[in-house]
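To keep things clear, I will list the structure first and then write my remarks on it.
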Amino acid sequence: MSKRWVLIVCAALGVIAVSAAAVSAAGNAPAAPAAPAAAPAKPKEAPIIKSWHATLVKVDGKSLLVKVPGAKGQPDKQATVATDDKTKFLLDYENAALADLRPDMTLTITPVEGTATLIRAHVKGLYGAVVRVDGKNVVIKATKTKKEVAVATDDKTKVVVLGKPARLADLKPGDQVKVIPETGTAAKIAVVFDTAPRAPA
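Counting along the sequence shown from 1, when you hit position 60 you're at 65 in the working numbering, and nothing is skipped either side.
Structure representation (structure tokens):
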């Protein structure tokens, strides 16, 4: 065999060897890491519905004329709040109606703009936690003074628990209540924050 053919055969064998090595290396190479799984979509947060506070001046048809405190050193401002047949009213923690609202009641109005969907009305009262029921008296620890107060009741006293009519015996130690009026025999005692375990209704 001539020297020229020897060189050609050697070159061909070299190419085959290099190709085989490349194939072997490719077969032994570690697999590429899998792409990371897409992060789960975050659940949409519920929109925050804001409210604002005002004092009722008067009811005018289906609208409310209210006043809000002005900035420091400024007079109070008046505003008109629209309601409709879908507006829900609560008066001291129980269902009410537009006709139940009276001047000087404190209102919490939802939402901030547009027709009100919820109006919570309040009159002045004594807030505290029930200590015990003693006969026809309810002893509470007043929120402001931190002192115990014996609240007198009679057969006309209305008791409301979780927005529903209840009895004096349904009041439990620890219940956060509002007593109306602030002094004298209670016309209404409403549980405003329920802390005591209760049997299902």
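No residue lacks a Cβ here, since even glycine has one placed at the ideal position from N, Cα and C.
My assumption, with CB atoms under 8 Å, is that residue 183 sits in contact with residue 197. Please give the rounded CB distance. 5 Å
Distance CB(residue 138)-CB(residue 96) smaller than 7 Å: In this structure, residue 138 lies away from residue 96, with their beta-carbon atoms at least 7 Å apart.
So the candidates are 162, 148, 62; which of them puts its Cα closest to the Cα of residue 185? 162
In chain order, what residues of the same chain lie with their CB nearer than 6 Å to the CB of residue 120, ignoring the 5 residues before and after it? 87, 89
For the structure I just gave you, are there three or more beta carbon pairs, one from the region 120-129 and one from the region 150-162, closer than 8 Å? no
Closest to residue 109 by C-alpha separation, out of 194, 190, 159, 69, would be which residue? Closest by alpha carbon: 69.
As assigned by DSSP and simplified to three states, the class of residue 101: strand
Which whole-angstrom value describes the C-beta separation of residue 71 and residue 83, a residue pair presumed to lie in contact below a C-beta threshold of 8 Å? 7 Å
Kindly indicate which residue of 195, 59, 187 has the alpha-carbon position closest to the one of residue 116. When only C-alpha atoms are compared, the closest one is 59.
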